[in-house]
Amino acid sequence: MWETFALIPLFDDPAFIYKRELIWIPVFGWYLWKSDMVPVDRRARGGAIGGMIDSARRELGRGRQIIIFPEGTRTAPGAPPAYKSGLASLYAATNVPCLPIALNSGVFWPRRRFLRYPGTIVLEVLDPMPPGLDRETFAARVQEAIETATARLIADGERELRAPSFR
2 MWETFALIPL
12 FDDPAFIYKR
22 ELIWIPVFGW
32 YLWKSDMVPV
42 DRRARGGAIG
52 GMIDSARREL
62 GRGRQIIIFP
72 EGTRTAPGAP
82 PAYKSGLASL
92 YAATNVPCLP
102 IALNSGVFWP
112 RRRFLRYPGT
122 IVLEVLDPMP
132 PGLDRETFAA
142 RVQEAIETAT
152 ARLIADGERE
162 LRAPSFR
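For what it's worth, our numbering labels the leading residue of the sequence shown as 2, then goes sequentially.
Okay, structure coming up:
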């Protein structure tokens, strides 16, 4: 949840890709709808990626930056990666650079937990991936870059959690 809000000020006019059912969350869903974010209708099965790509192209045409979480949902820190095909499909269809980002927010703000832990959330912007790579090369490179950096950030965050505190 932290990363959703933390990324907004880093971009001029971001458009997040989100699962369509989130629109039914009071206040948050209204924001998604009103701010022209990019929905993915998972019920559409084969048409889900096509609809996402069409919406993303429209927003790119308006000068917006597309934000996509490659696994489609939050995962526990250190969980095996499960990147969805939508990331590579979007990259191939839009022919724009991809700016990967790694972070360790899950160490301090765990998935599906009310408790938060004190510590320093680190967000690291990685080297951009140029447009034009074939899908398989892109998918392998972006996953390697994100997972390597994320593993390092998570390890640093976990060391911070275990360190004695004098706060």
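A virtual CB, placed ideally from N, CA and C, is assigned to each residue, including glycine. Given the structure is predicted, the values throughout are model-derived calculations rather than measurements.
CB contact flag (residue i, residue j, <9 Å)
i      : j      : result
Leu104 : Glu4   : yes
Leu88  : Val126 : no
Ile170 : Ala16  : Here the chain covers residues 2 to 168 and nothing more, so residue 170 does not appear.
Asp14  : Gly48  : no
Thr95  : Arg142 : no
Ile18  : Leu124 : no
Gly23  : Leu33  : Checking the displayed sequence, the identity of residue 23 turns out to be Leu instead of Gly. Yes.
Ile50  : Ile102 : no
Asp37  : Gly52  : no
Ala152 : Tyr84  : no
Where the beta strand (DSSP E) containing residue i begins and where it ends
i      : result
Phe17  : Pro15 to Lys20
Leu124 : Leu124 to Val126
Span of the alpha helix (DSSP H) around residue i
i      : result
Ile9   : First-last for Ile9: undefined, no H or E at that position.
Asp157 : Arg136 to Arg163
CB-CB length for residue i against residue j, believed under 8 Å
i      : j      : result
Pro82  : Glu72  : 7 Å
Leu162 : Gly120 : 6 Å
The stretch 22–35 / the stretch 64–82 touching (three or more Cβ pairs under 8 Å) | no
Quick one: complete alpha helix (DSSP H) runs, 4+ long, within the stretch 36–112?
-> 48–62, 86–95 and 106–109
With a cut-off of 8 Å, do at least 3 Cβ pairs link the stretch 108–115 to the stretch 132–141?
-> No, the stretch 108–115 does not touch the stretch 132–141.
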